[in-house]
Every structure is written in C-alpha cells, then in structure tokens.
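Per this note's numbering, residue 50 is the first one in the sequence shown, and the count goes up by one each step. Beneath this line is the structure, given in structure tokens, with notes to follow.
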Amino acid sequence: MFDGKSILITGGTGSFGKQYTRTLLTRYKPRRLIIYSRDELKQFEMREEFQDPCMRFFLGDVRDRDRTRQAMDGVDYVIHAAALKQVPAAEYNPTEFIRTNINGGENVIRASIEAGVQKVIALSTDKAANPINLYGATKLASDKLFVAANNMVGARPTRFAVVRYGNVVGSRGSVVPFFRRLIDEGADSLPITDDRMTRFWITLQQGVDFVLTNFHRMVGGEIFVPRIPSVRMSDLATAMAPDLPQRIIGIRPGEKLHEIMCPGDYAHITLEFDDHYVILPTIKLFDHDVSYSLNARGEAGRPVDAGFEYNSGNNPHFLTVEEIRALNGSLGL
C-alpha cells in the first residue's frame, strides 16, 4: 500500500514519528517520506540517523495553514501526530493547546482536502473519551473535527479516520522513565498517585502497527481503538522496584483513576472486532453509505452489549507484575 507513495507525518520528530519512519523504511519503499515539524535540531538528528534518499524535512507548524498546505503537495497519506500533550501544562496554558490541537487539526484537514490527499489518520488519546482535563477536551474536539471532515470533501477523494490508544510504554515524559530515573538516583520510595489507579498499556511498535493496519481498514469516519491490556500503577512500581516502598501522593489536577477509550454513552455505535473496537460516526456522512461491520480487510465486527464501556479499570486483561517486568526488559526499560 505504501510502496511508491508519498507520506507525510506531522510532528514527525516525536517518538511515534521516528518509530513510524523506521517501520515504513524497513517494510516498504515509499517514494517520499516527509517529516513535518517545528524543531530544527530534532530534524537534523533524524536526518543523520536515517539518511534515506526518500526522506524530506519540512520545518513548519500545524498552526500555520499556508505552510501546512505547502508541505502536502503531492502527498498520498498523512499521519497527524503533532500535538501538545502534557496534562498539567494544558491546565496552565489552555489557549496554546487549543491553537495546536484544535486549530492545528483544522489546518491539517483543510490542507489535506486542498492537496487531494487520499487518506488521513489523526492520533488521539484515551483522555479524549469523557475528558476531565483541557488536554483531553482539545483532543475530543480534534476527533470530532476529523470525523466530520468526511462531510467536507465533496467529490474529492480524501478520507479521514482517528486512532485512539492509551499510554505508550516508555514514551518521553511517561511514568516508566520517570520511575527508572528515581530508581537510578537512589530514591527511598516511588510516588503513586493512588493505589487503585490503572492505565491502558501499549508499546510504541504496537501503536505504529495499529496505525499502519488501519490505513488498510478505514473507509472514513471511524475511531479505531485497539484491544490492549491494562496495568495497575502499584503493580508497575512493584515490577520495577520490588524492594522500594510506595508513597501515595494523591491525584494531580486533570487526572482520572481509570482511563476510558470507548465511553458507555457510545455503546450503541461501537463495534467489537477480534483485536480492536470501532466507534462509528455520531453524524450521518453524506458522501458514502457503508457498513462499518465489514472492513476493507474482510474483518467482521459485531455490536457490543448495551452499556458497554471500555475502561482500564474493568478491562478483563491486566498484566501481572511478572509480565510487566518481562515487557520492560524486552524494551530495555
């Protein structure tokens, strides 16, 4: 699907963008792979690391509609990964998050349509489902924009979908490297916000593979959600430092005890597949009439039960302490 194609990744110098680039170059032969981001140092470092003749580097910001449109000339597929993501930072800087996550998303949509891009997948987060913080609210608004964009295309070929998943194990700013730093510095305890707290758990490569696969599945308007395990934060601390006590510090502003990826209020429009869920559009898309229960890969979905909610606290699949330790070891964490 990606051989001979032009692909653009917004926020392409981040953890996801680098791993997506690595995977694409290993498995496919794209004609162009465009990294679109605003950090010149990270682009230089990425250029030095990959040194592939198909790669192009565009300095720019999704807040800039003209530059974003220019970067998309001749592009077939877009992965929209650019976002501001830190929950506490969003509470203190709400306007900046709105400008990047909402207004920037709108710019990506308009540029994609004008450039005749074939397919666009926007990355979302579990915090966009029933959000209680500003970051989650901006990503919910972004999700709504990308789903509704399928009604803006007219006769153009562009289609939009969303991929939503949970915490990426070991990603920059996440809890695993935070715990590792404390352990390496000789901390006498590990801070736990609440011993009941749970999170969905996915590796970076699993996230990349899920996005790649959904380019094959999508017809437009879907929110794709992987079926992944949960982790108790207390079990994570035990797995990483079994001899250290755990210190309860309380939930920070904007945090939840458990994360949600498929809200119960959306059970009537949620389909269950063997390894993922699909949340259907809440609005009618006028450009096409499709049955989402059978996707382009021939995979069949079925409606979930009434009141179903995909919640990290009621997830039937939790990683054990031993499984967490083994996973961290396999990732070098």
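Note that beta-carbon positions come from the ideal geometry of N, C-alpha and C, so glycine has one too. Just so we're clear, the structure is a prediction, and the values are computed from it rather than from any experiment.
Asked                                                                                                   : Found
Alpha helix (DSSP H) segment containing S238, residue limits                                            : Careful: S238 lies outside any alpha helix (DSSP H) and carries neither H nor E.
From D113, L183 and A120, residue whose alpha carbon lies closest to that of L85                        : According to the sequence shown, residue 85 is Tyr rather than Leu. Comparing Cα-Cα distances from Y85 to each of D113, L183 and A120, the minimum goes to A120.
Three or more C-beta pairs below 8 Å linking the region 260-278 and the region 181-201                  : yes
In DSSP terms, what L108 is bridged to                                                                  : S86
Burial state of F322, where buried means 16 or more other Cβ atoms lie within 10 Å                      : buried
Member of G185, P302, A164 and E145 whose CA lies at the smallest distance from the CA of D125          : A164
Those residues which DSSP pairs with I158 across a bridge                                               : For I158, which the question treats as bridged, DSSP gives no partner whatsoever.
Whole runs of the alpha helix (DSSP H) within the region 253-312, excluding any shorter than 4 residues : 253-266 and 282-289
Alpha helix (DSSP H) segment containing R374, residue limits                                            : V370 to S379
Where the beta strand (DSSP E) containing K168 begins and where it ends                                 : K168 to L172
The region 296-305 touching the region 129-142, judged by at least three CB pairs closer than 8 Å       : yes
Beta-ladder partner(s) of V127, from DSSP                                                               : L57 and V169
Euclidean distance between Cα positions of H366 and E372                                                : 12 Å
Identity of the residues DSSP links to P430 by a beta bridge                                            : Since the displayed the chain opens at 50 and closes at 382, residue 430 lies outside it and no answer follows.
Where the alpha helix (DSSP H) containing R248 begins and where it ends                                 : Not the alpha helix (DSSP H): R248 falls in the beta strand (DSSP E), residues T247 to I251.
Cβ separation of G232 and A290, assumed to be a contact under 8 Å, to the nearest whole Å               : It should be pointed out that residue 232 corresponds to Ile in this sequence rather than to Gly. I232 to A290, Cβ: 5 Å. Contact.
Host alpha helix (DSSP H) of Y141 (start-end)                                                           : V136 to Y141
Paired residues, beta bridge with H325 - DSSP                                                           : P275
Between the CA atoms of V217 and W395 - distance to the nearest angstrom                                : Since the displayed the chain opens at 50 and closes at 382, residue 395 lies outside it and no answer follows.
Close beta carbons around F65, own chain, < 6 Å, minus the five adjacent residues each side             : A130
Cβ-based burial, I181 [other Cβ within 10 Å; buried from 16]                                            : exposed
Segment limits, beta strand (DSSP E) that includes A210                                                 : R208 to V212
Beta-carbon spacing of R87, D115 below 8 Å                                                              : no
Whole-angstrom C-beta distance between T117 and V169, which should lie under 8 Å                        : About 12 Å separates the two Cβ atoms, so there is no contact after all.
Exposed unless 16 or more other CB atoms sit within 10 angstroms - verdict on N363                      : exposed
Limits of the unbroken alpha helix (DSSP H) element including Y69                                       : S64 to R76
V212 to P278 span [Cα, whole Å]                                                                         : 17 Å
Cβ distance (whole Å) where L194 is taken to contact I158 below 8 Å                                     : 6 Å
DSSP beta-bridge partners of L231                                                                       : Partner(s): none; L231 has no beta bridge.
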